[in-house]
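Novice:
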Amino acid sequence: MTDYSNNNILITGCSSGIGLCVAHGLRSRGYRVIATARRPEDVDILEQDGFDTCQLDLNSQESISTAMSQVLQMTDGKIYGLFNNGAYGQPGAVEDLPTTVLREQFETNLFGWHELTRQVIPIMRRQGSGRIIQNSSILGFISLSFRGAYIASKYALEGLSDTMRLELHGSGIYISLIEPGPIKSRFRKNSHQKWQQNIAGNESIHRDTYRELEARLAMKGNATAYTLPPEAVLKRVIHALESPRPKARYFVTFPTYLFAVLKRILPARTLDVILRRVSN
């Protein structure tokens, strides 16, 4: 069995869901996992669970730099893998999104990831190897109504990651995107909180549709029959870390495979009809 104990993996967003699952899964395979979270109470829980951990707030460049200093002390300056995962989804029609709210979405879902990745790449260049895995989404290549802020952040992430993959060719550093559809997590609950916090639904022309949207966000249980557990993402992360030729993209869940095909074969107008139906 391969010994991964010298392979240090930094993971963001480990308080629950995909991040926590991947942290446990990689640790069980022998990796040294540095599991980070934004809130101090979540960091305490991770520490009690036996993880090497530190606080990392993706909205703060100072927090990112402080966390990186702590991580490098833990790992003797070596990082084999980075799994960028911490993110949230801001619901709401584009016309109802205050620009400040859109900026906040990008700060967490893109700019924080970018800053952390920029700090990790020089370390991997010195090593001559490394794996950077970006947890994107099916909404990184298709669009649905009332999810514009999140979709914009994931489309931007996909473009940035594709560019990095070209620029890092020959460096020994591999970039992979993971594109999940519905995964069992606290994502919907967190989105509901952002909805209540930032969208004036009763004042919008979309208020009738918003009532249905909010009911879905508040719903208990899985959003669709195609929802998979976070272990489905873990499986792709393992491949991206361990394969000598990791894929540029990993699809997760049936809807991701389906819409990847439909986007290739259907005219835009026909695809729009389908997307409008599944948006509501």
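Per the working numbering, the very first residue in the sequence shown carries number 70; after that it's consecutive.
Ideal placement from N, C-alpha and C gives every residue a C-beta, glycine not left out.
How about Gly-217 and Gly-161: do their beta carbons lie closer than 9 Å?
Specialist: As a working note, residue 217 is residue 148 in the sequence shown. As a working note, residue 161 is residue 92 in the sequence shown. Yes; because the gap between Cβ atoms is below 9 Å, this pair is in contact.
Novice: So, helix, strand or coil for Ala-104, using DSSP?
Specialist: Position 35 of the sequence shown, counting from 1, holds the residue named residue 104. Strand at Ala-104.
Novice: Please check the pair Glu-248 and Gly-209, which I expect to be a contact at CB under 8 Å, by giving their CB distance rounded to whole angstroms.
Specialist: As a position in the sequence shown, residue 248 is number 179, starting the count at 1. As a position in the sequence shown, residue 209 is number 140, starting the count at 1. Right, the Cβ-Cβ distance comes to about 6 Å (below 8 Å), so this counts as a contact.
Novice: Across the stretch 302 to 316 and the stretch 222 to 237, are there enough close Cβ pairs to call them in contact, namely three or more that are closer than 8 Å?
Specialist: no
Novice: Name the residue from Thr-339, Tyr-224 and Arg-195 whose alpha carbon lies nearest to the alpha carbon of Tyr-149.
Specialist: As a first step, residue 149 is located in the sequence shown; it is residue number 80 there, counting from the start. Among Thr-339, Tyr-224 and Arg-195, the Cα nearest to that of Tyr-149 belongs to Arg-195.
Novice: So for Glu-120, helix, strand or coil by DSSP?
Specialist: For the purposes of this step, residue 120 is identified with residue 51 of the sequence shown, where counting begins at 1. This sequence places Phe at residue 120; Glu is not what is there. DSSP places Phe-120 outside both helix and strand once states are collapsed to three, so it counts as coil.
Novice: Given this structure, state the Cα-to-Cα distance separating Glu-281 from Leu-340, to the nearest angstrom.
Specialist: Here residue 281 is taken as the residue at index 212 of the sequence shown, counted from 1. Here residue 340 is taken as the residue at index 271 of the sequence shown, counted from 1. Answer to the nearest angstrom: the Cα atoms are 23 Å apart.
Novice: Does the beta-carbon of Arg-101 have 16 or more other beta-carbons within 10 angstroms, so that it is buried, or is it exposed?
Specialist: Position 32 of the sequence shown, counted from the start, is the residue given in the question as residue 101. Buried, since its Cβ has 16 or more Cβ neighbours within 10 Å.
Novice: Using a Cβ-Cβ cutoff of less than 6 Å, which residues in the same chain neighbour Tyr-243 once the five nearest sequence positions on both sides are dropped?
Specialist: Walking along the sequence shown from the start, residue 243 turns up at place 174. For Tyr-243, where only same-chain residues beyond five positions count, the Cβ hits under 6 Å are Arg-200 and Pro-315.
Novice: Quick one: give me the first and last residue of the alpha helix (DSSP H) that Pro-191 is part of.
Specialist: By 1-based counting over the sequence shown, the position of residue 191 is 122. Per DSSP, Pro-191 belongs to the alpha helix (DSSP H) from 181 to 196.
Novice: Are there 16 or more other CB atoms within 10 angstroms of the CB of Lys-223, so buried, or fewer, so exposed?
Specialist: Start at 1 with the first residue of the sequence shown, and residue 223 comes out as number 154. Counting Cβ neighbours within 10 Å, Lys-223 comes out buried, since at least 16 surround it.
Novice: Apart from the five residues on each side of it in sequence, which residues of its chain come closer than 6 Å, Cβ to Cβ, to Ser-84?
Specialist: Mapped onto the sequence shown, residue 84 falls at position 15. In the same chain as Ser-84, and ignoring 5 residues on each side of it, the C-beta atoms closer than 6 Å to its own belong to Ala-106 and Asp-111, in chain order.
Novice: Out of Ser-254, Ile-220, Ile-268 and Leu-213, which one is the CA nearest neighbour of Arg-345?
Specialist: Taking the sequence shown and counting its residues from 1, one reaches residue 345 at position 276. Nearest to Arg-345 by C-alpha distance, out of Ser-254, Ile-220, Ile-268 and Leu-213, is Leu-213.
Novice: Write down the C-beta distance between Ala-225 and Leu-185 rounded to the nearest angstrom, noting that I regard them as a contact closer than 8 Å.
Specialist: Locating residue 225 in the sequence shown gives position 156, where the first residue counts as 1. Locating residue 185 in the sequence shown gives position 116, where the first residue counts as 1. About 15 Å separates the two Cβ atoms, so there is no contact after all.
Novice: Which stretch, first to last residue, makes up the beta strand (DSSP E) that contains Asn-204?
Specialist: Taking the first residue of the sequence shown as position 1, residue 204 is located at position 135. Asn-204 -> beta strand (DSSP E) spans 199 to 204.
Novice: Could you check what DSSP says for Pro-77 in three-state terms: helix, strand or coil?
Specialist: Counting from 1 along the sequence shown, the entry for residue 77 is found at position 8. Sequence inspection shows Asn at residue 77; the Pro mentioned does not correspond to that position. It is a strand residue.
Novice: Which one or two residues does DSSP pair with Phe-215 in a beta bridge?
Specialist: Counting from one through the sequence shown, the residue named residue 215 turns up at place 146. Answer is none; Phe-215 lacks a bridge partner.
Novice: By the DSSP assignment, the alpha helix (DSSP H) with Gly-94 in it spans what residues?
Specialist: By one-based count along the sequence shown, residue 94 stands at place 25. From DSSP, the alpha helix (DSSP H) with Gly-94 extends over 86 to 97.
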